[in-house]
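*Asks:* Numbers given in my numbering equal positions in the sequence shown, counted from 1, plus 2.
The C-beta atom is built at its ideal place from N, Cα and C for all residues, glycine as well.
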Amino acid sequence: MTKIKICGLMTESDIKAVNQAKPDYAGFIFAGGRHHVDLKQVLKLRKLLDPKIISVGVFVDASIDEMLEAVTSGAVSVIQLHGHESEKLVEKLKNLDIKVIQVFKLPTEKTIQTNADILMIDSGSGDGQILDWTSLPVRPNILAGAIDINNASMAIKQVAPDIIDVSRGVETDNKKDPLKIKQIVNKVHRL
């Protein structure tokens, strides 16, 4: 069964929606941008999140101390590296028993090689661009990039990722839409 991560959670109503829909992962973005949250917010939201849903912290070129604080505080249990982090940093995190997702952005990044626990391919930096799924250089563990209810089945069929990652694809007017979250989670879990 393909799993699903709902990313870019920011509010208590977002948490209520994911608790009802039961995705496998919930993503919190510590990296600036429209979906940015800070540690204080995430700690509050994590307390409300169903404990069965794995929390992921998304970071872009952050300090190891910032990432460790997010994990040791209990805010997140997985670190997603979405910048230009080195393999040395990946190894440091793994040596501390922290699960690491390393993101590669296509088509700009040519080399896809990592020692991270999980390889993710994305279409960029949350710009809503869809990837050409037929020409991926490797099969990613996680696939992201403009996935929504209309193309989730095709993404899973063509790429066979372990997990799909959805953020803007479950939004209406730039806010998480509980119905869209429920529909895509149900659809992915049925596939």
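Could you give the DSSP three-state label for Lys24: helix, strand or coil?
*Replies:* DSSP places Lys24 in coil when its eight states are reduced to three.
*Asks:* Quick check on Ala162: does DSSP put it in helix, strand or coil?
*Replies:* coil
*Asks:* What separation, rounded to the nearest whole angstrom, lies between the Cα atoms of Val62 and His84?
*Replies:* 5 Å
*Asks:* In angstroms with no decimal places, state the Cα-to-Cα distance between Pro139 and Val73.
*Replies:* 32 Å
*Asks:* Short of 7 Å in beta carbon distance, which residues of its chain neighbour Ala222, apart from the five on each side in sequence? Order them along the chain.
*Replies:* Residue 222 lies beyond the residue range present for the chain, which begins at 3 and ends at 193; the question has no answer from this structure.
*Asks:* Considering only the alpha carbon of each residue, which of Arg170, Cys9, Lys54, Ile66 lies closest to Ile132?
*Replies:* Arg170
*Asks:* Answer yes or no: do Ser55 and Val80 have a C-beta to C-beta separation smaller than 9 Å?
*Replies:* The question names Ser, but residue 55 in the sequence shown is Ile. Going by C-beta atoms, Ile55 is not nearer than 9 Å to Val80.
*Asks:* With distances taken Cα to Cα, identify the nearest neighbour of Lys96 among Lys107, Met122, Leu108, Met69.
*Replies:* Met69
*Asks:* Who are the Cβ neighbours of Tyr27 in its own chain at under 6 Å, not counting the five residues just before and after it?
*Replies:* Hits under 6 Å: Lys7, Ile56, Val58.
*Asks:* So what does Met122 bridge to, in DSSP terms?
*Replies:* Val105, Ile144
*Asks:* Going by DSSP in three states, Leu83 sits in which element: helix, strand or coil?
*Replies:* Strand at Leu83.
*Asks:* Could you spell out where the alpha helix (DSSP H) holding Ile66 opens and where it closes?
*Replies:* 66 to 74
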